[in-house]
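Participant:
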Amino acid sequence: MNTTQVQTGAAAGGVGRSIWVRRLWPWLVAVVIAMLLPLLVTSNHGLTMISHMGVMIIFALSYNMLLGNTGLLSFGHAVYFGLGGYMAMHMLRYIEATGFGMPLELLPVVGALGGLLFGLIFGAVSTRRAGVVFAMISLGIGEMVTASSLMFTGFFGGEAGLFGNREAPVSLFGIDYGPGRNVYYLVAVWALIAAVIMFLLRQTPLGWMANAVRDNPERAQFVGYSPQMVRFFQFVLAATFAGLAGGLFIVVDEIITDETVGMIQSGLVLLSAYIGGIGFFLGPVVGAVLVVFLESELSSITDAWLLYFGLLFVAVVMFAPQGLFGVAYQQVMSWRAGEWVRSFHARLYATSAMLVFVLALIAVIEKAYHVLRHWNPQEPMPLFFVTIDATSMVPWLVSFAVMAGALAVFFLHARPLLRRALDSGEGA
Amino acid sequence: MSQETALALKGLTKNFGRAEIIRGVDLDIKANERHVIIGPNGAGKSTLFNLISGRLEATSGTIQLFGREIDGLPPHRVNRMGLSRSFQVTNLFQNMTVMQNLRCALLWSKGHKYAFWKLVNSQQEVTERAEELMERLNLTAKQHVPASLLTYAEQRALEIGATIASGAKVLLLDEPTAGMSRTEADDMVELIREITTDCTLVMVEHDLGVVFNLADRISVLVYGEVIASDTPEAVRANAAVQEAYLGTEVH
Amino acid sequence: MTKPRRTAGLFAGLATASAIALASLSTAQADDPIRIGFIDPLSGPFANVGDAGLKHFRFAADRINEEGGINGRQVEIVPMDNNQSASESAQLVQRAADRGIDFVAQGNGSDVAGAIIETVNRNNRRNPDNKLLYLNYAAVDPSLTNERCSYWHFRFDADTTIKLEALSNYMMERDDIEKVYLINQDYSHGHEIERRFQDLAAEKMPNVEIVGTQLHPIGQVRDFSPYVSRIRQSGADSVVTGNWGNDLSLLAREAEDAGLDVNFYTYYAGGLGVPAAIGRAGVDRVAQITEWHANVNVDEGHDEYREWVDAFKERYPDIDWYFHRVYNLMYMLKAAVEEAGSTDAEGVAAALSGMEFESHTGTITMRADDHQMLQPMYISIMDDEVEYDSENSGVGFRTLSRIEVEDATSATTCEMDRP
Amino acid sequence: MLETITFSLLNGLLYGMLLFMLSSGLTLIFGMMGVLNFAHASFYMLGAYFAYTMGLYTGFWVALFLAPIAVGLIGAAVERFGLRQVHQYGHVPELLFTFGLAYVVEELVRLFWGNTPMNYRVPEALDFPLFSLFGTNYPAFRVFVLVVAVSMFVGLYLLLKRTRAGLIIQASLSRPDMVSALGHNVPQVFMWVFAFGTGLAALGGVVGGIQLVTEPGMAFMMGPIVFVVVVVGGLGSIQGALIASILIGVLQTFALSVDWSLANLGMVFGYAVPPESFFATIWYMDSTRIAPMLPYLLLVLMLIFRPRGLMGKRES
């Protein structure tokens, strides 16, 4: 995570118009993608999923304000997401009951205020220290709020949660928010606004000092900053954006339950941010999109989806701690540096060896699930365009042989080859 | 030279468990003087700095900065009251560039505090001051290099730069020339002399050449006590000092 | 970012790729089989519960298919994993509608059931040409057929009110039940039982004194001994509990360990790991109230249904045919589709509403007022000498009493919106 | 009342000792390696499952010894091929690695043993009531659990205080950098400490799986509470873990067995909150309903006011 700490520095000098244009266009691309996505995704479920992606992007970015920017590992960030969501839901129900004139477009702001409120309360007690102490306090607060969700059923609606109807409030622009597509656009606009703000926040004095406090809290003190206050402000801001995400979430789902404040949700946002890459602004965005996609789609494809999920995470932590976005970024940098030209074949070779290994591993896992979990293991099993009998030895032997072969090729031949290719480049 | 007292230590002690490291230090440092603290290894010089800068809390005694008590305050509060320090072991934001390190050091003193509604890059005053500092530190060419990739001497220079950036009225420098070659050390001394024309300097130093060259006054710290505090000439002549320190270490 | 162009390009590529992947995944097709979306936890902590339900549905579907299907169309069960999450379930309902699935079945968790009702209502309002029916096989919160009742929801299990009604009719005739202790999980299901049973005791069980009520946190208690010692101190002779899963297993085992001599009247002692976890500790001690249990077939001589139960056991040796209501559900759905002539939600709903069906246990009725099934109930107690044991635990259930339909019913406050 | 207190104490102690068996290994691993092992409860679960499966072939008594060893070896492998790789990136990735590992282990357990609870029972030799108190039987197996836990503590204590290996471990609990300074092969030491710690957790699982329920959710259920114990006791302190385990065990058992609420306290001072006011929910909340929250409240308060825990020597 130490690759691109304060990425603003390089362009520190003048702020000419051309730089602004260059800086602006990635955002324009994002806008265009967000606009066009519903043309590709037309089903209601698909629209809900991409709306969830938008929500998760805000949530994961807010999480990264803590972990990536300030070095605070939180196991309870969902508290602010969920409580923000509940605040917004109560407002929605109030609108439904009384006809109060708050437009739907502004409902997420109520969520943000909820996140802000609880961020102030819990932030005050938890940001005195960083590191393990902070992590454990966040865990404790998360568990406490979860436990209290069944105690204060008036607020949390018990285990059944609370429902609302997003068609009840008026719209600022006269939009009908019944159809999922219109809700998606609302999410997209908010996600973009939130992302821009969070991007700019990284470049403010507070954002810089958050990095400083993460790397060297002591030095930060000796330039006049209280690390606790820096953490506190970052924490409160992160909680506010988490609350905003929660407020949007209830607009999409029209239901909120206590699982939104729970450990699983907190774990999910941590996974999203980390898998994407916490050292990059866009890392959590990639992670959020991927995690929502996998959570939503993988489960309908395979029984083993939680195992794949866990393995993916472990693999990222072990082999790509800079995150998937970080890996991609490195490859692009390497491409720019011309390393690809001389190592293209070696790269292709190593990547395909690894790919073969992963495919064989998937085959093994799928077969194991078939044999151990299917009521009738003898039933022919479709696997990679062929149909096999998972109870016979042959497919297993083939898979294991392929796995072992691919690993051997990778470690004994491909990797040394790749190293040599890269080294020779440095020498030249 | 004004006779106002910049830094006053009274009966300062510090114990670690049963070990007494600082054993009742009284010291008055006048505004705008260059005051060097010398003493054998383990005399408690760094501990004294840590007490003054708020990194450690004193066991007893008081510390006053321009007449205001600062003992017991956290380091950032002390810093905001106009006292800035450097470290013996380079202590920078290693992942940040030279420019970023200097800007971070400037933000508070330029009144930006915890602002999250303005961008660092659009603060012209901060940028200009940082560029000015880099110029003085001879680091302009390296402004986009992360601190961790600088040479040792450059890191020391940046360390000093980060310390003086805020324009503190009292500077505490902890062995700024440690580990440097002769020419590097000379450059450093020149730099220090230049930047401390209108502020108070308290410095720990081993290199006696540097000490006598730079100091207006010298205090000698031995086993947690100040045994002498006077002009360089007087200290040089002081019998107790010669016995306790110079006699044993200087040939 | 220092390298905006590169990163943005990557992001664009990734987003486009995933968008295309999405698009390819979600195309609705209406083809041959009649599909039932089975929404329950198939992974995570409650997976065993959902998994057992899925096996029931699959087995019944296969039977119907062997018999020629429904109107000549095959029945297909589409498993959908909701992770026991209400909001996840709401999404799955949408997905089912997208895929042109006409029926969704769910059972675990009244919170999830509530979310599904809401979503189905909303879907049927917002997408009138893609309507869904919700077939509920186990969620027992009374509100689902009272204040929250919906025309699109059909409940095949007896709700809490009905179960307690039946239980109280049994208890009022037993003169050895004098002191009852209520221990329940601290959530709406448990609250409902506590409240409702107290009302019933006041109403019609003059012989029964409630000597204590206790709510405990759900799924959190590892050690029930404090509760057991309270039950002992209260002097209770019977305990009524709606606990399920570990909360029931641990409670019963603790009672056995401590030598507490009371009878437990439970909802869920008969399946999903509980018999194995309680084992012989429950003999003549742990009773359940259900719409059926395997030894009913022996007592009442339902040979055809015994064959069904045996075949299920052969196919899934780890568990037993437990949800008789899945049988009812599937065959009533079959009858309704045949009557309506299509799987159109409105037609099938009209046919199901008020349908009378000859099940193995007698005539059962889907009450038209609130779409609540009315059926006879059985109170049975653990016994290690019956023909069918549960989940290979060595203990099964012996009928204590059969409660006829008229004693197992309750009024409804449902005011249904009908199309 | 005496009955309630006696049994609460006994049961609290028992539950506390179970917690201790899990947390001693965790605190050891943390103190030594600085790794907060999120997967620790997963090894506890593996202990229970291994013992159950082995017990089918070898009987309980052999499994009691074999299962912890087998799990310890798995722990060693996890350290050798997983953690060590991650170690270079720092403590946060290490922690996240174990976080992911917990997911994977749970899924694998579900895969191999299925979703339903195992029929893992008290061995016949211990299946009798040992004594009877106030008319309630106290099963022999519980006493056995206590005996195992106490002998584990004593054994651990002697190992740490009386043997050379123990002295090294102790030294490095307070000063991890010492180990290498003393010329020990640090990775090797880490591996065996990790193996040993996970083995201890597995031993807890062997008896805990019987006392509680052996099912795939058992790790998730125990995981957070073990953290509470270790943090409250003081990271790296075995004695602290023991005290905190018993404290939390007894605290939770008491909260569950005594009906109590703030209103009771209020009555002493002749003060009551009107039932319809905002704070009434809290005011009239039974202690039994607050019980699951108590350990976490304790955790947060402890971290705010005394971050090094009861017996800890350093903060983190």
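Residue numbers (this note's numbering), protein chains in the order written: chain X, 14 to 441; chain A, 6 to 256; chain P, 6 to 424; chain W, -15 to 300. The C-beta atom is built at its ideal place from N, Cα and C for all residues, glycine as well. Values in this document were obtained by computation on a predicted structure and should not be read as measured data.
Which value, in whole angstroms, describes the spacing of the CA atoms of W/N103 and W/G193?
Facilitator: Locating residue 103 of chain W in the fourth sequence gives position 119, counting from the first residue. Locating residue 193 of chain W in the fourth sequence gives position 209, counting from the first residue. So the two alpha carbons sit approximately 10 Å from each other.
Participant: P/G119 versus chain X: which residues are under 7 Å apart at the beta carbon?
Facilitator: Numbered from 1 along the third sequence, position 114 holds the residue referred to as residue 119 of chain P. Under the 7 Å cutoff, chain X gives A173.
Participant: Determine which residues of the region 1 to 25 of chain W have a Cβ less than 8 Å from any Cβ of chain X, and write them out in chain order.
Facilitator: Taking 8 Å as the Cβ-Cβ cut-off against chain X, the residues of the region 1 to 25 of chain W that qualify are L20.
Participant: Strictly below 7 Å CB to CB, what residues from chain X border W/E91?
Facilitator: Indexing the fourth sequence from 1 puts residue 91 of chain W at position 107. Result: L319, L320, G323.
Participant: On a CA-only basis, which of P/N53, P/A102, P/L169, P/A52 is nearest P/A416? Give me that one, please.
Facilitator: Numbered from its first residue, the third sequence carries residue 416 of chain P at position 411. When only C-alpha atoms are compared, the closest one is P/L169.
Participant: Counting only Cβ pairs nearer than 8 Å, list the residues of chain X close to P/M85.
Facilitator: The sequence position of residue 85 of chain P within the third sequence is 80, counting from 1. By Cβ distance, chain X contributes S313.
Participant: So, using beta-carbon positions, are A/A170 and A/A110 closer together than 7 Å?
Facilitator: Locating residue 170 of chain A in the second sequence gives position 165, counting from the first residue. Locating residue 110 of chain A in the second sequence gives position 105, counting from the first residue. For A/A170 and A/A110, yes; Cβs fall inside 7 Å.
Participant: 7 Å is my cut-off, CB to CB: does W/M277 come that close to chain X?
Facilitator: For the purposes of this step, residue 277 of chain W is identified with residue 293 of the fourth sequence, where counting begins at 1. So yes, W/M277 belongs to the interface.
Participant: Secondary structure at A/K123, three-state DSSP: helix, strand or coil?
Facilitator: Residue mapping note: residue 123 of chain A aligns to position 118 of the second sequence, counting from 1. A/K123 falls in the coil class under three-state DSSP.
Participant: Less than 8 Å between C-beta atoms, sequence neighbours within five positions excluded: which residues of the same chain meet that for X/P390?
Facilitator: As a first step, residue 390 of chain X must be located in the first sequence, where it is residue number 377. Contacts found: H383, V384, A403, T404.
Participant: At a CB-CB cut-off below 7 Å, which residues of chain A make contact with X/D228?
Facilitator: In the first sequence, the residue the question calls residue 228 of chain X occupies position 215. Result: F98, Q99, N100.
Participant: So that I know if they touch, is there some Cβ in chain P lying closer than 7 Å to that of W/Y36?
Facilitator: As a first step, residue 36 of chain W must be located in the fourth sequence, where it is residue number 52. It does not: the Cβ of W/Y36 has no partner Cβ on chain P nearer than 7 Å.
Participant: According to DSSP, is A/N20 helix, strand or coil?
Facilitator: The residue labelled residue 20 of chain A in the question sits at position 15 within the second sequence. Note: A/N20 maps to strand in three-state DSSP.
Participant: Mind reading off the beta-carbon distance from P/G42 to P/A101? Whole number of angstroms is fine, and I expect it under 8 Å.
Facilitator: Residue mapping note: residue 42 of chain P aligns to position 37 of the third sequence, counting from 1. Residue mapping note: residue 101 of chain P aligns to position 96 of the third sequence, counting from 1. With a Cβ gap of about 4 Å, P/G42 and P/A101 count as contacting.
Participant: Determine, for X/E156, whether the minimum Cβ-Cβ distance to residues of chain W falls below 7 Å.
Facilitator: Translated into positions along the first sequence, residue 156 of chain X becomes position 143. Taking Cβ atoms only, chain W reaches closer than 7 Å to X/E156, which makes this a yes.
Participant: Ordered along the chain, which non-local residues of its own chain (more than five positions away) have a Cβ less than 7 Å from that of P/Y321?
Facilitator: What you label residue 321 of chain P is simply residue 316 of the third sequence in a count that begins at 1. K60, listed in sequence order.
Participant: Using a 10 Å radius around the Cβ and a threshold of 16 neighbouring Cβ atoms, would you call W/G0 buried or exposed?
Facilitator: The residue labelled residue 0 of chain W in the question sits at position 16 within the fourth sequence. Under this definition W/G0 is a buried residue.
Participant: My understanding is that X/A73 touches X/S285, with C-beta atoms under 8 Å, so please give their C-beta distance in whole angstroms.
Facilitator: On the first sequence, residue 73 of chain X is found 60 positions in, with the first residue counted as 1. On the first sequence, residue 285 of chain X is found 272 positions in, with the first residue counted as 1. X/A73 to X/S285, Cβ: 4 Å. Contact.
Participant: Give me the Cα-Cα distance between P/D86 and X/S309, rounded to the nearest whole angstrom.
Facilitator: Here residue 86 of chain P corresponds to residue number 81 of the third sequence, with the count starting at 1. Here residue 309 of chain X corresponds to residue number 296 of the first sequence, with the count starting at 1. Their Cα atoms are separated by approximately 10 Å.
Participant: Give me the Cβ distance between P/Q377 and P/T150, rounded to the nearest whole Å; I'm assuming they're in contact under 8 Å.
Facilitator: On the third sequence, residue 377 of chain P is found 372 positions in, with the first residue counted as 1. On the third sequence, residue 150 of chain P is found 145 positions in, with the first residue counted as 1. That pair is a contact at about 4 Å.
Participant: How many whole angstroms separate the CB atoms of W/V284 and X/M394, which I take to be in contact at a CB cut-off of 8 Å?
Facilitator: Residue numbering aside, residue 284 of chain W sits at position 300 when the fourth sequence is read from its first letter. Residue numbering aside, residue 394 of chain X sits at position 381 when the first sequence is read from its first letter. Going by Cβ atoms, the distance from W/V284 to X/M394 rounds to 50 Å, so no, they are not a contact pair.
Participant: For a contact meaning CB atoms closer than 9 Å, what does X/S161 contact in chain P?
Facilitator: Taking the first residue of the first sequence as 1, we reach residue 161 of chain X at position 148. Chain P residues near X/S161: none, gap ~11 Å exceeds 9 Å.
Participant: Does the distance from the C-beta atom of W/F295 to that of W/G224 stay below 7 Å?
Facilitator: Translated into the one-based positions of the fourth sequence, residue 295 of chain W becomes position 311. Translated into the one-based positions of the fourth sequence, residue 224 of chain W becomes position 240. Before going on, a small fix: residue 295 of chain W reads as Met here, not Phe. For W/M295 and W/G224, yes; Cβs fall inside 7 Å.
Participant: Which chain X residues are close to P/Y192, counting only those with a beta carbon under 8 Å from its beta carbon?
Facilitator: Locating residue 192 of chain P in the third sequence gives position 187, where the first residue counts as 1. Within 8 Å Cβ-Cβ: L163, G171, E172.
Participant: On the premise that W/S26 lies in contact with W/V89, defined as a C-beta separation below 8 Å, what is that separation, rounded to the nearest angstrom?
Facilitator: Reading the fourth sequence from its first residue, position 105 is the one you call residue 89 of chain W. Reading the fourth sequence from its first residue, position 42 is the one you call residue 26 of chain W. With a Cβ gap of about 4 Å, W/V89 and W/S26 count as contacting.
Participant: Ordered along the chain, which non-local residues of its own chain (more than five positions away) have a Cβ less than 7 Å from that of P/A257?
Facilitator: Reading the third sequence from its first residue, position 252 is the one you call residue 257 of chain P. These residues qualify, in order along the chain: F269, I283, A286, G287, V291.
Participant: Would a check of beta-carbon distances place A/P80 closer than 7 Å to chain X?
Facilitator: Sequence index remark: in the second sequence, residue 80 of chain A carries index 75 (1-based). Chain X, which has a Cβ nearer than 7 Å to the Cβ of A/P80, makes this yes.
Participant: Nearest-angstrom Cα distance between X/Q247 and X/L133?
Facilitator: Walking along the first sequence from the start, residue 247 of chain X turns up at place 234. Walking along the first sequence from the start, residue 133 of chain X turns up at place 120. Cα to Cα, the separation comes out at about 11 Å.
Participant: Counting only beta-carbon atoms, is W/Q69 nearer than 7 Å to chain X?
Facilitator: As a first step, residue 69 of chain W must be located in the fourth sequence, where it is residue number 85. So, interface residue.
Participant: Pairs of beta-carbons, one from the region 210 to 219 of chain P and one from the region 180 to 199 of chain P, closer than 8 Å: are there three or more?
Facilitator: These segments touch.
Participant: When you compare only the Cα positions, how much space is there between A/R187 and X/S279?
Facilitator: Here residue 187 of chain A refers to the residue found at position 182 when the second sequence is read from its first residue. Here residue 279 of chain X refers to the residue found at position 266 when the first sequence is read from its first residue. Using only the alpha carbons, I get a separation of about 56 Å.
Participant: Within 7 Å (strictly less), CB to CB, does X/N82 reach chain P?
Facilitator: By 1-based counting over the first sequence, the position of residue 82 of chain X is 69. X/N82 does not count as touching chain P.
Participant: Name the one or two DSSP bridge partners that A/M208 has.
Facilitator: Your numbering for residue 208 of chain A matches position 203 in the second sequence. For A/M208, which the question treats as bridged, DSSP gives the partners A/V41, A/L178.
Participant: Helix, strand or coil for A/M106? Go by DSSP, reduced to three states.
Facilitator: As a first step, residue 106 of chain A must be located in the second sequence, where it is residue number 101. A quick correction: the sequence has Asn, not Met, at residue 106 of chain A. In this structure, A/N106 counts as helix in the three-state DSSP scheme.
Participant: Have a look at W/A228 and W/G217 and give me their C-alpha separation to the nearest angstrom.
Facilitator: Position 244 of the fourth sequence, counted from the first residue, corresponds to residue 228 of chain W. Position 233 of the fourth sequence, counted from the first residue, corresponds to residue 217 of chain W. Taking the straight line from one Cα to the other gives about 5 Å.
Participant: On the three-state DSSP scale, how would you describe A/L117?
Facilitator: As a first step, residue 117 of chain A is located in the second sequence; it is residue number 112 there, counting from the start. This sequence places His at residue 117 of chain A; Leu is not what is there. Note: A/H117 maps to coil in three-state DSSP.
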